[in-house]
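S.K.:
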Amino acid sequence: DQQVKQNSPSLSVQEGRISILNCDYTNSMFDYFLWYKKYPAEGPTFLISISSIKDKNEDGRFTVFLNKSAKHLSLHIVPSQPGDSAVYFCAASAISNTGKLIFGQGTTLQVKP
Amino acid sequence: NAGVMQNPRHLVRRRGQEARLRCSPMKGHSHVYWYRQLPEEGLKFMVYLQKENIIDESGMPKERFSAEFPKEGPSILRIQQVVRGDSAAYFCASSPPRNQPSTDTQYFGPGTRLTVL
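Right, dumping it as structure tokens:
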């Protein structure tokens with residue numbers, strides 16, 4: 001039972017353009033959502049998060065949008081840079097469930113110069 | 114402020130041996146989570162610990178796996194009698210106590226890559 005899904009295994013964009021990574025979830029108890037970036041042979045690095053009481057959170061080039069009715073969130077990176085090339089994981093947690101993170105399968109982003 | 118530390122970074126064991134993975138959380142963090150990433154998959158939750166307590170072990174295999182977070186020292190994930198299917202990257206994450214801001218953000222260590230021959 002995959003509660004968090006990232007349906008696009010990979011995404012390729014041109015440097016300077018917008019990257020949009022998508023994530024869907026099924027569990028309505030989730031109330032906190034996070035995006036992590038991961039390079040090969042390294043641990044996930046926290047990027048940005050959003051609470052279920054908000055629908056948007058912005059931090060520099062990164063913006064996360066949450067659509068609770070659709071159980072969908074997205075990460076926008078603008079402008080995209082070659083250094084953004086990595087695997088991006090969406091994760092969700094529920095305070096009522098000890099806060100453990102449920103991860104999606106990841107999307108590999110390639111930003112071409 | 115040092116990040117989450119894990120050691121060893123790489124561990125090779127033969128089938129039937131024991132593997133011990135260590136995790137030191139970020140300074141001031143009292144919550145530790147262990148996750149496992151199998152090849153070509155996302156991270157899967159294994160266990161959540163606070164000092165001297167296992168809070169949630171719903172993701173731990175029923176046999177051969179155990180975890181602890183003693184009053185002093187790092188958290189340990191122990192795998193007894195390893196099998197080839199245990200080969201994976203094991204990540205530890207930590208988060209602040211619940212009475213502080215951003216308590217739900219978990220910060221990850223670099224991982225331990227376990228290879229079972």
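Top line first, the protein sequences correspond to chains A and B.
Here the first sequence stands for residues 1 to 113, numbered as in the numbering used here.
Here the second sequence stands for residues 114 to 230, numbered as in the numbering used here.
All residues carry an ideal CB built from backbone N, CA and C; glycine is no exception.
1) Give me whichever residues DSSP pairs with Asp199/B in a beta bridge.
2) Taking DSSP's pairing of strands, which residues face Glu165/B in a bridge?
3) Mind pulling the chain A residues with CB within less than 7 angstroms of Arg161/B?
4) Nearest to Leu151/B by alpha carbon, out of Pro113/A, Leu109/A, Pro82/A, Phe103/A?
5) What residues from the stretch 31 to 52 of chain A come within 7 angstroms of chain B, judged by C-beta to C-beta, listed N to C?
6) Between which residues of its own chain and Gln81/A is the CB-CB distance below 7 angstroms, once the five residues before and five after are set aside?
7) Could you name the residues of chain A that Glu154/B contacts, counting a contact when the two beta carbons are closer than 8 angstroms?
8) Excluding five sequence neighbours on each side, which residues of the same chain lie with their C-beta closer than 8 angstroms to the C-beta of Ser10/A?
9) From what residue to what residue does the beta strand (DSSP E) around Ala70/A run?
10) Pair every Cβ in the stretch 197 to 207 of chain B with every Cβ in the stretch 145 to 160 of chain B, then say whether three or more of these pairs are closer than 8 angstroms.
11) Are the Cβ atoms of Tyr25/A and Gln3/A separated by less than 8 angstroms?
12) Take the Cβ of Ala202/B as the centre, count every other Cβ of all protein chains shown within 10 Å, and call the residue buried at 16 or more, exposed below.
13) Is there a Cβ from chain A that is less than 8 angstroms from the Cβ of Gln213/B?
14) For Ile192/B, go through chain A and note every residue whose CB falls closer than 8 angstroms to its CB, in chain order.
15) Around the Cβ of Arg191/B, are there at least 16 other Cβ atoms within 10 angstroms (buried) or fewer (exposed)?
16) In terms of DSSP beta bridges, what is Asn7/A paired with?
17) Using a 10 Å radius around the Cβ and a threshold of 16 neighbouring Cβ atoms, would you call Lys56/A buried or exposed?
18) Let me know if Ile53/A comes out buried or exposed under the rule of 16 or more other beta-carbons within 10 Å of its beta-carbon.
19) Where does Asp84/A sit, in a helix, a strand or coil, going by DSSP?
20) Whole angstroms is fine: what's the gap from Ser143/B's alpha carbon to Ser12/A's?
M.R.: In short:
1) In the DSSP output, where bridge partners are listed per residue, Asp199/B has none listed.
2) Answer is none; Glu165/B lacks a bridge partner.
3) It is worth fixing the name first, because residue 161/B is Tyr in this sequence and not Arg. For Tyr161/B, the neighbours in chain A by C-beta distance under 7 angstroms run, in chain order, Thr98, Lys100.
4) Of Pro113/A, Leu109/A, Pro82/A, Phe103/A, the residue nearest in Cα terms is Phe103/A.
5) Under the 7 angstroms Cβ criterion, the stretch 31 to 52 of chain A contributes Tyr32, Leu34, Glu42, Gly43, Pro44, Phe46, Ser49.
6) Closer than 7 angstroms at the Cβ level, and outside the excluded window around Gln81/A, lie Glu15, Val111.
7) Simply Gln105.
8) Around Ser10/A: Thr107, Thr108, Leu109, Gln110.
9) Run containing Ala70/A: none; DSSP gives neither H nor E here.
10) Yes, the stretch 197 to 207 of chain B is in contact with the stretch 145 to 160 of chain B.
11) Cβ distance < 8 angstroms, so Tyr25/A and Gln3/A count as in contact.
12) Under the 10 Å beta carbon count, Ala202/B is surrounded by 16 or more other beta carbons and is classified as buried.
13) Note that Gln213/B has pLDDT 49, beneath the 50 cutoff, so the model's placement of it is unreliable and the number below is only indicative. False, the Cβ-Cβ gap to chain A never drops below 8 angstroms.
14) Think of a sphere of 8 angstroms around the beta carbon of Ile192/B: no beta carbon from chain A falls inside it, the nearest being about 19 angstroms out.
15) By the neighbour-count rule (16 or more Cβ atoms within 10 Å), Arg191/B is not buried but exposed.
16) Asn7/A pairs with nothing; no bridge assigned.
17) Result: exposed.
18) Label assigned to Ile53/A: exposed.
19) Per DSSP, reduced to three states, the secondary structure at Asp84/A is helical.
20) Taking the straight line from one Cα to the other gives about 39 angstroms.
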